[in-house]
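First up is the structure itself, then whatever we jot down about it.
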Ligand code: TRP
């Protein structure tokens, strides 16, 4: 245990309450990483504005929803630092300095940028183009060396590495070249078997009540080729069984259910009833913790403020070092309010 613990930074955009896809895809891994890493978890509210700047009213409540979900899942503010991006201005300031080191054409080639423009059907702003530069600043402002992310984020980590390399080449060794830590979990499908996403209305939220969860499970997509309960059914690619594999601790009973399903000896309703029970059992302790946090907004504010304050101390040091290296050291000697 004498190992030096590596610093981790990762985060979510506060786009709304978290769902079970976030729970198995990212939150469970983050919770485990806390045991032997110096973890920074970022609520990236500035990044929300890159696409959603027309809906500022939702951001504040979404931040608190995400935080309550994180805490309920086991993110521990005693062990880890939870940061609100907009509370630490060094993120934006470092992003501006990094923007000097990245060409416009390089950013236009980032695949997430092209995807977003197509999907959202919007005039891309300069903010959207520079999204990955801000993300590089998020990571490097704490000199994090590991970034747990999903595959979709790899192009941003690659850009972060390029920025770190370029900076070090030009100005001397300041930054580590951070590595992505890819989630080994396959993505959980949505209840309609498409990608799980709030905009599709196919999520099960951590904050849903047991009754809502049951209702969503009972209307899940299963096997479209199966008309009657005694038709042989398909288990592979059937989201009800994907969820059972993920959440049901009684693996033998699940295997038995699968063989009866394949043989047309069990109806969808029975399988779904089991899944609803299993999911609600699994989520019960988490929901209890969540309700406690959600009822104490002052506690949530306090956790976010303390985390951001600690983060800011580190971010300030990095920024001073960067300004020094980039020739902006004069202002470091001023005695101005922070
Ligand atoms: N872009 C990430 C996402 O959409 C969120 C994010 C912002 C992030 N800054 C980060 C993730 C820094 C990892 C590290 O999921």
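Numbering (our numbering), first residue to last: -19 to 318. We put the beta carbon where it would ideally sit given N, CA and C, even for glycine. All values reported here derive from a predicted model rather than from experimental measurement.
Practice task
Below 8 Å on the Cβ atoms is my guess for residue 305 versus residue 151; work out the distance and round it to an integer in Å.
Solution key: 4 Å
Problem - Simplified DSSP state of residue 12, which is helix, strand or coil - result: In the structure shown, residue 12 sits in a helix (DSSP, three-state: H, G or I).
Problem - residue 207, buried or exposed, once every other Cβ within 10 Å from all chains shown has been counted against 16 - result: When all chains shown are included, residue 207 counts as exposed.
Exercise for the section: Count the other CB atoms, across all protein chains shown, that sit within 10 Å of the CB of residue 76; report buried if there are 16 or more and exposed otherwise. Expected result: The residue is exposed, with fewer than 16 neighbouring Cβ atoms inside 10 Å.
Problem - Distance CB(residue 117)-CB(residue 78) smaller than 7 Å - result: yes
Problem - Helix, strand or coil at residue 141 [DSSP, three-state] - result: Annotated three-state conformation of residue 141 is helix, per DSSP.
Exercise for the section: With distances taken Cα to Cα, identify the nearest neighbour of residue -15 among 18, 13, -5, 199. Expected result: 18
Problem - Which listed residue (31, 13, 41, -12) has its alpha carbon closest to that of residue -3 - result: Looking at the Cα atoms, 41 is the closest of the given residues.
Practice task
Would you tell me roughly how many angstroms separate the C-alpha atoms of residue 112 and residue 250, rounded to the nearest one?
Solution key: 46 Å
Exercise for the section: Quick one: grab the DSSP three-state call for residue 221. Expected result: helix
Problem - Same chain only: Cβ atoms within 6 Å of residue 258, ignoring 5 sequence neighbours per side - result: 227, 228
Exercise for the section: May I ask you to check if the CB of residue 141 is nearer than 6 Å to at least one heavy atom of ligand 1? Expected result: no
Practice task
Return the residue from the list 48, 235, 9 that minimises the CA-CA distance to residue 23.
Solution key: 48
Problem - Assigned exposure category for residue 360 - 16 Cβ within 10 Å defines buried - result: Nothing about residue 360 can be read from this structure; the chain reaches only from -19 to 318.
Exercise for the section: Return yes when the C-beta of residue 75 is under 6 Å from any heavy atom of ligand 1, and no when it is not. Expected result: no
Handout entry: Span separating the alpha-carbon of residue 307 from that of residue 50
Key = C-alpha of residue 307 to C-alpha of residue 50: approximately 40 Å in a straight line.
Problem - Secondary structure, alpha helix (DSSP H): runs of 4+ residues fully inside the region 218 to 268 - result: 219 to 227, 231 to 242
Practice task
Consult DSSP for residue 147 and reduce its assignment to one of helix, strand or coil.
Solution key: helix
Handout entry: Counterpart residues of residue 18 in DSSP-defined beta bridges
Key = -13
Problem - As assigned by DSSP and simplified to three states, the class of residue 301 - result: helix
Exercise for the section: State the Cα-Cα distance for the pair residue -19 and residue 12, rounded to the nearest angstrom. Expected result: Low per-residue confidence applies at residue -19: pLDDT is 46, beneath 50, and the placement is therefore not dependable enough to give any value.
Exercise for the section: Could you tell me whether the Cβ of residue 140 comes closer than 7 Å to any Cβ of chain D? Expected result: In the structure shown, chain D does not exist; there is a single protein chain.
Practice task
Rank 213, 260, 130, 277 by C-alpha distance to the C-alpha of residue 244 and give the top, closest one.
Solution key: 213
Handout entry: Span separating the alpha-carbon of residue 348 from that of residue 283
Key = This structure cannot settle anything about residue 348, because the visible part of the chain is limited to -19 through 318.
Handout entry: Proximal residues to residue 57 (C-beta, below 8 Å), its chain only, five neighbours per side dropped
Key = 51, 283, 286, 287
Handout entry: Minimum C-alpha distance to residue 296 - residue among 20, 62, 74
Key = 74
Exercise for the section: Return yes when at least one heavy atom of ligand 2 lies under 6 Å from the C-beta of residue -7, else no. Expected result: In terms of ligand content, the structure shown lacks ligand 2 and carries ligand 1 instead.
Exercise for the section: Determine the closest residue to residue 53 out of 268, 310, 137, with distance taken between C-alpha atoms. Expected result: 268
Handout entry: Near ligand 1: residue 27 beta-carbon under 6 Å from a heavy atom
Key = yes
Practice task
Return the CA-CA distance between residue 205 and residue 177, expressed in angstroms with no decimal places.
Solution key: 25 Å
Problem - In DSSP terms, what residue 178 is bridged to - result: DSSP, once it has assigned bridges, lists no residue as partnering residue 178.
Handout entry: Whole-Å CB distance - residue 209 paired with residue 158, under 8 Å assumed
Key = 52 Å between Cβ atoms; not a contact.
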